[in-house]
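J.: Okay, so the sequence shown: first residue is 1 according to full-length UniProt numbering, each after it adds one. Beta carbons are placed, not taken as given, at the ideal position from N, Cα and C, and that holds for glycine. Okay, handing you the structure first.
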Amino acid sequence: MSRVLITYSASRIALYVVSLPLLSFIFCVMYSLMFSFKESTETHCKVANLLPSISAAIGSFSPQKYVWRTGIGIHSAPRYVYAWMYRSLHCNDLPAQYRYLADLAFVLEIIEDTCLLGLTMVSSSENYPIHERCFITFLLTAILYMCLCAFILPRLQQRRGPNHRKSLAIKRKATWTTLICSIVCAITFYRHNSHCEPYMYTAFALAEYLIVLSNIVFHGTAYYDFYGANIVVGCGDEDTSLLLKRQAVS
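This is the structure in structure tokens:
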């Protein structure tokens with residue numbers, strides 16, 4: 001017989017988790033604009049630019065890089081837990097022929113979270129090749145995960161309520177925003193490096209911001225996906241190790 005130690009609202013925790021990167025991101029960009037504008041917006045070809053790139057805002061200056069690393073570091077552990085919870089939800093509710101997608105989505109989410117942690121802890125100024133690889137892998141797995149979730153959600157057998165519809169609508173909008181902004185990023189980055197056009201890097205940075213915000217909003221839909229569910233921490237009478245369980249709600 002197990003004994004419940006603590007019960008947490010899964011929806012409330014989801015909001016806390018996504019608020020960490022959101023507030024950290026806002027702080028880093030605003031602080032860079034107010035106190036490190038010239039340094040953070042400077043480009044290699046000295047053309048006019050109004051916004052710092054994500055890499056410059058979160059990894060090149062203090063205290064921004066420490067705020068970002070703290071926020072991402074703290075939010076990473078719960079993100080791994082929610083990845084496992086989503087796998088459980090998908091495995092339970094998907095028809096048998098689609099259940100392999102639950103494992104694929106789980107793997108993509110784990111890689112995405114790990115690469116986010118990697119590009120956060122290794123800034124572009126410290127080791128550009130590693131930072132670049134982490135960023136590219138993060139973006140690709142994030143897009144694939146978003147598209148896969150948008151495919152999976154309509155096929156869940158037990159989820160047809162208003163929270164399900166809200167989650168699906170937000171996920172689709174966030175996915176399309178990420179796809180469009182990723183294309184804009186590629187075009188503007190190429191044009192900036194090839195032609196050094198004024199304000200092209202500003203457009204690149206703005207598209208980067210929208211990708212970050214879309215990713216945060218996408219993962220914030222866990223509030224709807226696990227609405228009414230609890231994360232329960234308990235232990236058995238003879239086993240003192242902690243157990244983590246999800247109580248699913250239709």
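Between Leu23 and the rest of its own chain, which residues show a CB-CB distance below 8 Å, the 5 nearest in sequence each way excluded?
T.: Gly71
J.: Along the chain, where does the alpha helix (DSSP H) that runs through Leu117 open and close?
T.: 100 to 121
J.: Roughly how far, in whole angstroms, is the beta-carbon of residue 254 from the beta-carbon of Ile13, given that I think they are within contact range, below 8 Å?
T.: Because residue 254 is not part of the residues shown, which for the chain are 1 to 250, the question remains open.
J.: With burial defined as no fewer than 16 other Cβ atoms inside 10 Å of the residue's Cβ, what is the status of Ile6: buried or exposed?
T.: Exposed, because fewer than 16 other Cβ atoms sit within 10 Å of the Cβ of Ile6.
J.: For the alpha helix (DSSP H) that Val212 lies in, which residues bound it at each end?
T.: DSSP places Val212 in the uninterrupted alpha helix (DSSP H) bounded by 200 to 220.
J.: If you measure between the beta carbons of Tyr145 and Glu112, is that distance less than 8 Å?
T.: yes
J.: Taking the alpha carbon of Gly118 as the point to measure from, which residue in Leu101, Asp103, Ile136, Leu104 has its own alpha carbon closest?
T.: Ile136
J.: State the DSSP-derived secondary structure class of Tyr16, mapped to helix, strand or coil.
T.: Residue state, collapsed to three classes: helix.
J.: Rounded to whole angstroms, what is the Cα-Cα separation between Ile130 and Val122?
T.: 7 Å
J.: Find out if the Cβ-Cβ distance for the pair Ile143, Cys181 is shorter than 8 Å.
T.: no
J.: Three or more C-beta pairs under 8 Å: does that hold for the region 96 to 111 against the region 35 to 52?
T.: no
J.: Put Ser194 into one of helix, strand or coil per three-state DSSP.
T.: helix
J.: State the Cα-Cα distance for the pair Val167 and Lys173, rounded to the nearest angstrom.
T.: The residue you asked about is not Val; residue 167 is Ser in the sequence shown. Each residue's alpha carbon lies about 10 Å from the other.
J.: Unbroken alpha helix (DSSP H) runs of length 4 or more, entirely within the region 18 to 58: which are they?
T.: 37 to 41
J.: Tell me which residues share the same chain as Ala102 and place their Cβ nearer than 7 Å to its Cβ, disregarding the 5 neighbours each side in the sequence.
T.: Arg87, His90, Cys91, Leu94
J.: For Thr114, which of Trp68, Thr141, Leu206, Gly220 has the nearest alpha-carbon?
T.: The shortest Cα separation from Thr114 among Trp68, Thr141, Leu206, Gly220 belongs to Thr141.
J.: Among Tyr8, Val18, Ala10, which has the Cα closest to the Cα of Ile216?
T.: Val18
J.: When burial is assigned at 16 or more other CB atoms within 10 Å of the CB, is Asn127 buried or exposed?
T.: exposed
J.: How big is the Cα-Cα spacing for Met30 and Leu104?
T.: 37 Å
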